[in-house]
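The opening position of the sequence shown corresponds to residue 56 in the working numbering, with each subsequent residue numbered one higher.
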Amino acid sequence: MTALELLKFMLPDFLVDHFEVVSTSNTEEVLHLYFEEKIKPPQEFNALELVSKGFMDEITIQDFPLRGRFVYLHIKRRRWTNKANGEI
Numbered sequence: 056m057t058a059l060e061l062l063k064f065m066l067p068d069f070l071v072d073h074f075e076v077v078s079t080s081n082t083e084e085v086l087h088l089y090f091e092e093k094i095k096p097p098q099e100f101n102a103l104e105l106v107s108k109g110f111m112d113e114i115t116i117q118d119f120p121l122r123g124r125f126v127y128l129h130i131k132r133r134r135w136t137n138k139a140n141g142e143i
């Protein structure tokens, strides 16, 4: 089983498909997983010409405990700008 397959087993497919794990932090009581949205825009926006302009503020979600540890998912979404009209 690859690391990606293991993540898909533990986390929602959407999170694993559209985000990269950029960092982890692990103690005896807490596991922190840090995700950043991949540079590829979601498929539903393929018709638009979008450009990544950094990231939005990070959100933190407390997930179900894993092996007795609290799990926190730290997620950063990209700030997509429509190249045609400048809208975010």
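For every residue, glycine included, the Cβ atom is placed at its ideal position computed from N, Cα and C.
Taking C-alpha atoms, which residue in Leu-66, Thr-136, Phe-119 lies nearest to Phe-74? Leu-66
How would you write the range of the alpha helix (DSSP H) that Glu-113 sits in, first residue to last? For Glu-113, there is no enclosing alpha helix (DSSP H), as DSSP gives it neither H nor E.
Kindly identify the DSSP beta-bridge partner or partners of Asn-81. Leu-86
Using 8 Å as the threshold, is the region 96 to 109 in touch with the region 120 to 128, meaning 3 or more CB pairs across them? no
How big is the Cα-Cα spacing for Glu-92 and Glu-60? 18 Å
Can you tell me the Cα-Cα spacing of Glu-84 and Tyr-127, whole angstroms? 11 Å
Quick check on this structure: which residue in Pro-96, Val-71, Asn-101, Val-76 has the alpha carbon closest to the alpha carbon of Tyr-89? When the alpha-carbon of Tyr-89 is set against those of Pro-96, Val-71, Asn-101, Val-76, the nearest one is in Val-76.
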